[in-house]
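>
There are 2 protein chains.
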Amino acid sequence: MDGPTMLPGSTVTDSPTSSRVVLAADLGGTQFRVAIVEESGRLLDRHAIPTMGHLGPSAVLDRMADACREMLARVPKRATVLGLGIAAPSPIDPKRGVVYQAPNIPGWVNIALRDEMADRLRIPVLVGNDANFAALGEWRFGAGRGHGDLIFLTFSTGVGSGFVTGGRLLVGHHGLAGEAGHTVIQVDGPLCGCGKRGCLEAFASGTAIRREALQRRVDFPQSTLHRYADLSAADVEAEAQRGDPLALELMRDAGRYAGIGIANLVHIFDPDVVVVGGGVSHSGPHWWETLQQSVREQVLEAYRPGLRIVPAMLGDDVGIFGSAAAMLDPTAAGA
Amino acid sequence: MDGPTMLPGSTVTDSPTSSRVVLAADLGGTQFRVAIVEESGRLLDRHAIPTMGHLGPSAVLDRMADACREMLARVPKRATVLGLGIAAPSPIDPKRGVVYQAPNIPGWVNIALRDEMADRLRIPVLVGNDANFAALGEWRFGAGRGHGDLIFLTFSTGVGSGFVTGGRLLVGHHGLAGEAGHTVIQVDGPLCGCGKRGCLEAFASGTAIRREALQRRVDFPQSTLHRYADLSAADVEAEAQRGDPLALELMRDAGRYAGIGIANLVHIFDPDVVVVGGGVSHSGPHWWETLQQSVREQVLEAYRPGLRIVPAMLGDDVGIFGSAAAMLDPTAAGA
């Protein structure tokens with residue numbers, strides 16, 4: 000357990016703990032993490048346990064509840080706990096609080112996550128999809144602070160997204176809004192993990208970078224990408240940074256496609272800020288500059304004044320800050 | 000001027016006029032139309048004048064005000080006029096009430112439409128983009144009634160769209176949200192009227208149908224499409240209905256692409272209803288059935304329960320009913 004950490008950009012004060020806090024949790028396939036977060040966004044304390052999905056949903060829920068209780072015991076004396084927010088790596092119905100299916104946790108199909116946790120902890124619980132909550136977290140506490148209309152995209156193994164419009168998270172009829180990774184940018188294009196063809200994810204994800212690298216290095220015997228038996232997108236980026244021409248081209252292509260995906264969303268949402276996160280977004284200027292150029296080329300002029308495309312600020316804690324933002328303002332979270 | 004007309008689906012009653020009405024107007028390149036609409040959606044009276052854009056913005060605004068005054072004089076005695084809503088064929092900043100540029104009305108660049116009309120009429124005025132207001136109109140009075148999350152698309156010369164999420168119109172930072180016609184569905188695809196390549200509009204609009212017909216009929220000397228010197232999309236549809244194989248293929252292609260565009264939006268918004276209007280949408284089953292099949296093929300399963308794709312109900316009056324819906328609930332209109 001770490002000591003108090005500061006939100007990027009917040010100011011250190013020696014004032015006593017503010018009176019309202021939330022528990023904010025991020026459920027992943029490998030770890031369940033939970034923290035105490037103040038209204039201001041100050042993270043007071045945190046705890047992480049292995050998820051151990053192989054034990055089955057009921058045992059995992061019990062372990063999660065135990066971890067939350069440990070945090071509840073550490074809430075400062077003068078503070079009120081508003082409730083628990085949980086970001087889950089799954090499509091979720093935020094109104095009913097039900098996880099449809101978590102692909103990385105065995106047996107998690109139609110789990111009433113909200114009610115199961117509320118029964119165990121006897122505090123209000125609010126759950127949501129991790130990419131959607133991440134959008135809310137970056138909007139309230141991160142790179143999107145002060146903006147009204149935010150698009151959040153995460154480029155990693157897949158491509159996730161979330162949208163805040165007029166101060167509210169877009170959740171949709173089944174709670175499934177925000178899957179921009181599965182919008183088609185190339186009819187009859189390459190096969191995507193979802194079974195469709197030509198999705199943004201099939202062009203701009205880490206998975207796509209790896210697939211293209213494996214296919215195209217065959218024609219570039221000089222490429223340093225041949226040094227890797229089990230090539231990853233991170234390896235491609237590392238070789239791009241070392242100047243390998245094929246790796247550079249692959250990263251630029253991915254950046255160009257990411258920019259096309261972003262431009263599509265700009266024409267739909269007309270945001271004032273686009274926040275870009277995920278592992279691929281930690282790439283060098285060859286990826287970022289191509290992305291920015293691609294957006295400039297694709298976005299009609301009227302949309303450009305004031306439009307900013309910025310890196311995500313909350314890093315690995317985006318799920319936690321997203322859960323905190325949701326629990327602090329359930330209406331904005333669409334719950 | 001016509002007598003009272005009924006909203007499709009509403010019930011004829013002999014009750015007296017309800018106490019709250021709005022003036023609802025639709026500004027087009029050729030006509031300015033204004034009507035008196037009750038809260039219930041009943042249209043009490045209407046008036047249309049030629050726009051006469053060649054006279055210049057100031058004269059057009061005067062003429063519009065005169066037409067509105069004529070309607071105001073005909074408002075039933077016991078009714079209160081809440082204000083005037085105007086749908087304009089242009090990108091608009093709904094918060095400031097300013098028309099950025101109306102492509103079909105000469106000299107309409109940065110016109111403060113809201114304030115100009117409010118000064119002339121001394122009643123509250125609210126303005127918005129016609130496709131966005133159309134979405135609001137179909138949601139409140141038309142095919143989207145009773146649904147929470149609506150996507151509206153119009154397939155005609157171009158492809159327009161508007162989105163209602165959680166009971167509010169999506170307007171965006173500059174008021175430019177909802178241009179799904181200019182999202183790319185084919186990287187490096189055919190040139191669009193906007194200057195970009197591969198936009199949905201370049202595949203699914205009447206303009207695209209005409210372009211493809213002119214290109215492809217060269218290879219089909221038997222096609223009845225050769226009968227037309229100045230071929231239009233409506234001619235292609237007419238020949239498809241008569242069974243011309245090329246015309247049928249062209250309409251099915253357009254329907255398939257429309258479905259791909261709709262599926263992309265379903266993954267972003269997770270709506271419960273998609274309302275489809277515009278001239279192309281009056282095509283026969285070869286277009287509609289291909290569109291529906293295309294959506295089914297492209298939309299991931301979780302989004303499908305309860306999802307309906309339905310024809311627009313308000314026809315040529317969609318702008319008027321949209322303006323009425325906006326003026327009746329300015330918050331929902333994003334003003």
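Line by line, the protein sequences give chains A and B. Numbered according to numbering that gives the first Met the number 0, the first sequence spans residues 0 to 334. Numbered according to numbering that gives the first Met the number 0, the second sequence spans residues 0 to 334. In this text, a Cβ means the ideal position worked out from N, Cα and C, and glycines have one as well. Given the structure is predicted, the values throughout are model-derived calculations rather than measurements.
Between the alpha carbons of Ala176/A and His146/B, how many angstroms are there, rounded?
16 Å
> Using a beta-carbon distance below 8 Å, is Val186/A in contact with chain B?
yes
> Which of the three DSSP states is assigned to Ile391/A in this structure?
The first residue shown for chain A is 0 and the last is 334, placing residue 391/A beyond what the model contains.
> Residues in its own chain within less than 8 Å of His266/A by CB, not counting five upstream and five downstream?
Val298, Leu299 and Tyr302
> In the structure shown, what three-state DSSP assignment does Arg210/B receive?
helix
> Would you mind sorting Ala350/A into buried or exposed? The rule is 16 or more other CB atoms within 10 Å of its CB.
Coverage of chain A is limited to positions 0 through 334, which leaves residue 350/A absent and any answer about it impossible.
> Between which two residues does the alpha helix (DSSP H) containing Ala87/B stretch?
Where Ala87/B is concerned, there is no enclosing alpha helix (DSSP H), although the beta strand (DSSP E) it sits in stretches over Thr79 to Ala87.
> Measure from the C-beta of Gln297/A to each C-beta in chain B and report whether the shortest distance is under 8 Å.
yes
> Say whether the region 213-231 of chain A touches the region 316-326 of chain B, bearing in mind that this needs 3 or more beta-carbon pairs closer than 8 Å, one atom from each stretch.
no
> By Cβ distance below 7 Å, which residues in the same chain neighbour Ala203/B in space, the five residues on each side in sequence not counted?
Phe154, Val158, Ala253, Tyr256, Ala257 and Gly260
> Would the region 178-195 of chain B count as touching the region 272-283 of chain A if we require 3 or more Cβ pairs under 8 Å?
At 8 Å Cβ cutoff, the stretches do not touch.
> Got a sec, what are the start and stop residues for the alpha helix (DSSP H) Asp129/B sits in?
Asp129 to Phe140
> Tell whether a beta-carbon distance below 8 Å holds between Pro123/A and Leu81/A.
yes
> Apart from the five residues just before and just after Phe140/A, which ones in its own chain have a Cβ nearer than 7 Å to its Cβ?
Excluding residues within five positions, the ones whose Cβ falls inside 7 Å are Leu6, Gly40, Leu313, Phe320 and Ala324.
> Jot down the residue ranges of each uninterrupted alpha helix (DSSP H) in the region 180-255 of chain A, minimum 4 residues, whole runs only, in chain order.
Here the runs fully enclosed are 200-203, 205-215 and 232-240.
> At a Cβ cut of 7 Å, what residues of the region 127-158 of chain B count as close to chain A, listed as they run along the chain?
Gly147 and Asp148
> If we cut at 8 Å on Cβ distances, does Val163/B have a partner in chain E?
This model lacks chain E altogether; the protein chains it does include are A and B.
> When burial is assigned at 16 or more other CB atoms within 10 Å of the CB, is Asn263/A buried or exposed?
buried
> Taking contact to mean 3 or more Cβ pairs, one atom from each stretch, closer than 8 Å, check whether the region 75-93 of chain A and the region 114-131 of chain A are in contact.
yes
> From the DSSP output, in three-state form, read off Thr156/B for me.
coil
> Any Cβ of chain B within less than 8 Å of the Cβ of Asp118/A?
no
> Considering only DSSP beta bridges, list what Glu69/B is partnered with.
Looking at the DSSP assignment, Glu69/B forms no beta bridge with any residue, so it has no partner.
> Does the count of Cβ pairs from the region 53-73 of chain A and the region 99-106 of chain A closer than 8 Å reach three?
yes
> Just checking, does the region 158-170 of chain A make contact with the region 282-297 of chain A on the three C-beta pairs under 8 Å criterion?
no
> Along the beta strand (DSSP E) that carries Ala24/A, what are the first and last residues, could you check?
Arg19 to Leu26
> Going by C-alpha distance, which of Ser18/B, Glu38/B and Leu245/B is nearest Asp328/B?
Glu38/B
> Would DSSP call Ile122/B helix, strand or coil?
Coil at Ile122/B, not helix or strand.
> Please list, in chain order, all residues of the same chain as Gly166/A whose beta carbon is under 7 Å from its beta carbon, the five residues on each side excluded.
Gly147 and Ala331
> Drop a sphere of 10 angstroms on the beta-carbon of Thr164/B, count the other beta-carbons inside from all chains shown, and report buried for 16 or more, exposed for fewer.
buried
> Using a Cβ-Cβ cut-off of 8 Å (strictly less than) and excluding sequence neighbours within five positions of Ser18/B, which residues of its own chain qualify?
Arg77, Ala78 and Thr79
> Distance, Cα to Cα, Gly318/B vs Arg73/A?
Roughly 58 Å between the two C-alpha positions.
> Under 7 Å Cβ-Cβ, which residues of chain A neighbour His181/B?
His266 and Leu299
> Measuring alpha carbon to alpha carbon, tell me which residue in Asp61/A, Ala233/A and Arg241/A is nearest Ile208/A.
Ala233/A
> Check whether the Cβ atoms of Asp129/B and Asp243/B sit closer than 8 Å, and answer yes or no.
In this structure, Asp243/B does not lie closer than 8 Å to Asp129/B by Cβ.
> Compute the Euclidean distance between the alpha carbons of Arg144/A and Val272/A, then round it to the nearest angstrom.
Answer to the nearest angstrom: the Cα atoms are 10 Å apart.
> Arg113/B: which of Phe132/B, Ala101/B, Ala134/B and Ile91/B sits nearest, CA to CA?
Ile91/B
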